[in-house]
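Chains X and Y, in that order, are what the protein sequence lines are.
Those letters in the first sequence? Residues 1 to 134, per this note's numbering, in order.
Those letters in the second sequence? Residues 1001 to 1134, per this note's numbering, in order.
Step one of this worksheet: look at the structure below.
2 protein chains.
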Amino acid sequence: MTEATTGVTRNTRQRAEVLALLREVEGFHSAQQLHQMLVHRKARVGLTTVYRTLQMLVDTGELDSTRLPGGEQLYRRCSQSRHHHHLVCRECGRTVEVAGPAVERWADQVASQHGFTDVGHTLEVFGTCGTCAA
Amino acid sequence: MTEATTGVTRNTRQRAEVLALLREVEGFHSAQQLHQMLVHRKARVGLTTVYRTLQMLVDTGELDSTRLPGGEQLYRRCSQSRHHHHLVCRECGRTVEVAGPAVERWADQVASQHGFTDVGHTLEVFGTCGTCAA
DNA sequence: CCGCCCATCGAAAGCCATTGTCACTAAGCG
DNA sequence: CGCTTAGTGACAATGGCTTTCGATGGGCGG
């Protein structure tokens, strides 16, 4: 367990490479995809490190992540924008970002009503988009 | 892929066993858990068949399913009760079922605003319950 | 009532994203 | 410049799920 360490975080080349890549790409990508990109640009970074770095960035809130139905996790550089959810098309995978302040409030409220603290939530909306329905 | 077959669906002992089990248990269970239960009650059903049957039932809308953060898929017999969500304790796993009509409406509304139809959603709320927080 | 065809089974092998292991490397303090 | 220790990465392992393919048996035609 990450005990209350000294909080030391070293600046490593690998970390910089991952961050640099994330700054260049748009939208969601899987850890594996990102690792492939790094390999292509000859940045020697191990897959394990990519996973660790991404995980770390998600924990510190610098990255946003979703999970595909199938278990694969996707990451993207943190929303200039605030917290939001995804509306995903079952057919083509098209994704729309939607904000739902009401939902956030509802979740917090319901949780505290039951004595829960440190509340978080997962919310994904699925459907068939107009194009695919036609 | 299940092509437009003749629609033939045989009644097999295995299928009946799975259905019978589902009628007895409450709430969500993973395919593996259900398979274990079947083994315990000496119902000879293969894991593969459990997966296939569950998948089939989800497709025909007779089962409801969610996915845990981690990729594991859970199934439950289609809501005799109305639709609801789960408030889960991160520490002890205690689960409270909560209804959120507002959320349902919000999801449908947001989806249709973006031209999506046949809308569904996943929502799980996580937190630390009062007992564990103490 | 009997046979046959094909839907269904299921054990084992495969798949694949992710996590664990552990010896090795290098960041940065003194 | 050493030394401590965070960080790295090749490889193995995990685990849920899917595929494979020969065996089984449901149920209809005869």
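For every residue, glycine included, the Cβ atom is placed at its ideal position computed from N, Cα and C.
Please list the partners that Y:C1129 has in chain X, where partner means a Cβ-to-Cβ separation under 9 Å.
Those are H114, G115, F116 and T117, listed as they occur along chain X.
Mind checking who X:V98 pairs with in its DSSP beta bridge?
BP columns for X:V98 point to X:H85.
Can you check whether the CB of Y:E1097 is closer than 8 Å to the CB of Y:H1084?
Cβ distance < 8 Å, so Y:H1084 and Y:E1097 count as in contact.
Residues in its own chain within less than 7 Å of Y:S1065 by CB, not counting five upstream and five downstream?
Contacts found: V1058, Q1073, L1074 and Y1075.
Decide if X:H40 is buried, meaning its Cβ has at least 16 other Cβ atoms within 10 Å, or exposed.
Its Cβ having fewer than 16 others within 10 Å, X:H40 is exposed.
Take Y:G1130 and list the residues in its own chain whose beta-carbon comes closer than 6 Å to its own, dropping the five residues that flank it on each side.
Taken in chain order, the list of residues that qualify is empty.
Whole-angstrom distance between Y:Q1014 and Y:T1049, CA atom to CA atom
Approximately 8 Å between the Cα atoms of the pair.
Residues from the region 1038-1064 of chain Y in contact with chain X, defined by Cβ distance under 7 Å:
Correct list: empty, as no residue qualifies.
Can the beta-carbon of X:C89 be found less than 8 Å from the beta-carbon of X:G61?
The answer is no: Cβ separation not under 8 Å.
Length-filtered (4 minimum) alpha helix (DSSP H) runs lying within the region 1037-1073 of chain Y
The qualifying runs are 1047-1059.
Measuring only the C-alpha atoms, how far is X:V110 from X:M56?
One Cα belongs to X:V110, the other to X:M56, and the distance between them is close to 29 Å.
Count the other CB atoms, across all protein chains shown, that sit within 10 Å of the CB of X:T12; report buried if there are 16 or more and exposed otherwise.
Exposed, because fewer than 16 other Cβ atoms sit within 10 Å of the Cβ of X:T12.
Please work out which residues of its chain come closer than 6 Å, Cβ to Cβ, to Y:V1125, disregarding the five sequence neighbours upstream and downstream, and give them in chain order.
Here the set comprises L1087.
For Y:L1123, write down the residues that DSSP places opposite it in a beta bridge.
Y:L1123 is bridged to X:L123.
Close Cβ partners of X:F28 (< 7 Å) along its chain, the five nearest in sequence each way excluded
Within the same chain, T66, L74, Y75 and R76 come within 7 Å of X:F28 by CB-CB distance, once the 5 residues on both sides are set aside.
Neighbour list for X:C89 in chain Y, Cβ cutoff strictly below 8 Å:
The answer, in chain order, is F1116.
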